[in-house]
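Letter by letter, the sequence shown follows residues 0 to 225 of numbering that gives the first Met the number 0.
Just below is one structure, and these are the notes that go with it.
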Amino acid sequence: MKQYCAGVDVGGTSVKCGIFTTEGVLLEKWEVPTRKEEDGKYILPDVADALKQHLREKGIALSELEGIGIGVPGPVEPNGYVHICVNLGWHDHWPAKEMQELMGGEIHCAVGNDANVAALGEMWQGGGKGHENLLMVTLGTGVGGGLIVDGHILAGVHGAGAEIGHIHVREGEPEACNCGGHGCLEQVASATGIVREARRNLLASSEDSAMRSFGDALSARDVCDC
Numbered sequence: 000m001k002q003y004c005a006g007v008d009v010g011g012t013s014v015k016c017g018i019f020t021t022e023g024v025l026l027e028k029w030e031v032p033t034r035k036e037e038d039g040k041y042i043l044p045d046v047a048d049a050l051k052q053h054l055r056e057k058g059i060a061l062s063e064l065e066g067i068g069i070g071v072p073g074p075v076e077p078n079g080y081v082h083i084c085v086n087l088g089w090h091d092h093w094p095a096k097e098m099q100e101l102m103g104g105e106i107h108c109a110v111g112n113d114a115n116v117a118a119l120g121e122m123w124q125g126g127g128k129g130h131e132n133l134l135m136v137t138l139g140t141g142v143g144g145g146l147i148v149d150g151h152i153l154a155g156v157h158g159a160g161a162e163i164g165h166i167h168v169r170e171g172e173p174e175a176c177n178c179g180g181h182g183c184l185e186q187v188a189s190a191t192g193i194v195r196e197a198r199r200n201l202l203a204s205s206e207d208s209a210m211r212s213f214g215d216a217l218s219a220r221d222v223c224d225c
């Protein structure tokens with residue numbers, strides 16, 4: 000086995016990247032903005048360019064990389080096919096194949112639902128280490144879930160197992176979710192949803208609030224801190 004590997008977590012706002020040893024030791028991490036224009040066609044090329052640059056800076060050749068793991072915010076078929084990622088603008092996409100081509104065609108790349116692969120990571124090196132049954136909930140631009148049973152991902156039909164972000168939780172929601180539905184969990188519980196709810200409440204009230212001072216820069220962290 001080669002010494003190094005890379006991880007890529009594609010989010011709706013930013014892409015988090017890391018270089019690791021194959022033993023799971025983090026060597027470096029960074030983020031790149033998620034450029035969703037033109038159906039998200041710039042996302043993986045931006046990641047590949049950044050990954051090549053950081054590998055060069057650390058003196059690691061592409062030939063020393065065992066592989067690249069990619070997490071994406073949506074269902075992933077067992078063959079790596081992504082029908083849709085509503086938070087990225089992707090439709091009928093093959094992320095692992097594209098990344099492999101962008102990296103020169105020789106490096107093995109694998110893709111999975113972001114919450115599922117996060118759950119695997121927690122079971123391997125994180126809070127779930129030593130346990131074979133666990134549930135991972137991810138909060139960011141959306142809300143995701145990853146379920147591990149007997150040490151294996153419970154992916155469900157078409158890779159949609161534990162996709163809790165689009166469970167209907169609110170009746171009468173006037174705004175549409177990115178998926179086209181109304182009243183989804185991620186509309187109220189994701190980082191973007193928390194900010195949206197706060198702004199909605201501020202508009203509906205004339206009361207003083209520390210949140211007003213943040214203006215358009217208000218973040219979910221600010222809401223929680225206030």
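Even glycine gets a Cβ: it sits at the ideal position worked out from N, Cα and C.
Among the candidates Cys84, Ala161, Gln186 and Glu162, whose CA atom is the shortest distance from the CA of glycine 171?
Checking every option, the nearest Cα to that of glycine 171 belongs to Gln186.
Please list the terminal residues of the continuous beta strand (DSSP E) segment that includes cysteine 223.
Where cysteine 223 is concerned, there is no enclosing beta strand (DSSP E), although the alpha helix (DSSP H) it sits in stretches over 219-224.
Let me know if serine 189 comes out buried or exposed under the rule of 16 or more other beta-carbons within 10 Å of its beta-carbon.
When all chains shown are included, serine 189 counts as buried.
Mind checking whether the beta-carbon of glycine 66 lies closer than 6 Å to any heavy atom of the ligand ADP?
What this structure holds is no ligand at all, so the ligand ADP is not there to describe.
For alanine 118 and leucine 146, which I take to be in contact (beta-carbon distance under 8 Å), what is that distance rounded to the nearest angstrom?
Taking 8 Å as the upper bound for CB-CB distance, alanine 118 and leucine 146 are in contact here, some 7 Å apart.
Spatially closest choice to proline 74 from Arg198, Leu134, Glu56 and Ala154, by CA coordinates:
When each option's Cα is compared against that of proline 74, the closest is Ala154.
In or out: glycine 162 buried (at least 16 other Cβ within 10 Å) or exposed?
The sequence given here has glutamate at residue 162, not glycine. Answer is buried; the Cβ neighbour count reaches 16.
First and last residue of the alpha helix (DSSP H) that includes proline 44?
Unbroken alpha helix (DSSP H) run through proline 44: 42-56.
Hey, how far is the Cα of glutamate 105 from the Cα of isoleucine 193?
Their Cα atoms are separated by approximately 42 Å.
C-beta contact flag for cysteine 4 and glutamate 65 at 7 Å:
It is a contact, given that the beta carbons lie within the stated cut-off.
Fully enclosed by the region 120-147, which beta strand (DSSP E) runs are 3 residues long or longer?
Complete beta strand (DSSP E) runs here, min 3: 133-138.
Using 10 angstroms around the beta-carbon of histidine 90, count the other beta-carbons present and answer buried if the total reaches 16, otherwise exposed.
By the Cβ neighbour-count rule, histidine 90 is exposed, with fewer than 16 other Cβ atoms within 10 Å of its own.
Taking the beta strand (DSSP E) that alanine 109 falls in, what are its first and last residues?
In the DSSP annotation of this structure, the continuous segment of the beta strand (DSSP E) that includes alanine 109 starts and ends at 107-112.
Just list the residues that DSSP pairs aspartate 8 with in beta bridges.
BP columns for aspartate 8 point to Lys15 and Gly70.
Do you know offhand how far asparagine 283's Cα is from phenylalanine 19's?
A query on residue 283 cannot be resolved here, the shown segment of the chain reaching from 0 to 225 and no further.
By the DSSP assignment, the beta strand (DSSP E) with proline 227 in it spans what residues?
Not covered by the structure: residue 227. The range shown for the chain is 0 to 225.
When the Cα of leucine 201 is compared with those of Cys225, His181, Gly180 and Cys178, which residue comes out closest?
Among Cys225, His181, Gly180 and Cys178, the Cα nearest to that of leucine 201 is on Cys225.
Spell out whether any CB of chain D is found under 7 Å from the CB atom of glycine 120.
Among the protein chains of the structure shown there is no chain D, as only one such chain exists.
When you compare each of Leu87, Asn132 and Val81 to arginine 34 by their alpha carbons, which one comes out closest?
For arginine 34, the closest C-alpha among the options Leu87, Asn132 and Val81 is that of Leu87.
Rounded distance between the beta-carbons of valine 71 and aspartate 113, thought under 8 Å
Valine 71 and aspartate 113 do touch by the CB rule: their CB atoms are close to 6 Å apart, below 8 Å.
Rounded to whole angstroms, how far is the Cβ of glycine 144 from the Cβ of leucine 134, which I believe are closer than 8 Å?
The beta-carbon distance between glycine 144 and leucine 134, rounded to whole angstroms, is 7 Å. This is short enough to meet the 8 Å contact definition.
What does a CB cutoff of less than 7 Å around valine 46 pick up in its chain, not counting 5 residues either side in sequence?
Cβ within range, chain order: Val7, Val14, Cys16 and Val31.
Taking the alpha carbon of valine 156 as the reference point, which residue from Leu50, Gly214, Arg220 and Pro77 has its own alpha carbon closest?
It is Pro77 whose Cα lies nearest to the Cα of valine 156.
Since tryptophan 89 sits in a beta bridge, which residues does DSSP pair it with?
Residue pairing for tryptophan 89: DSSP places it in a beta bridge opposite Cys84.
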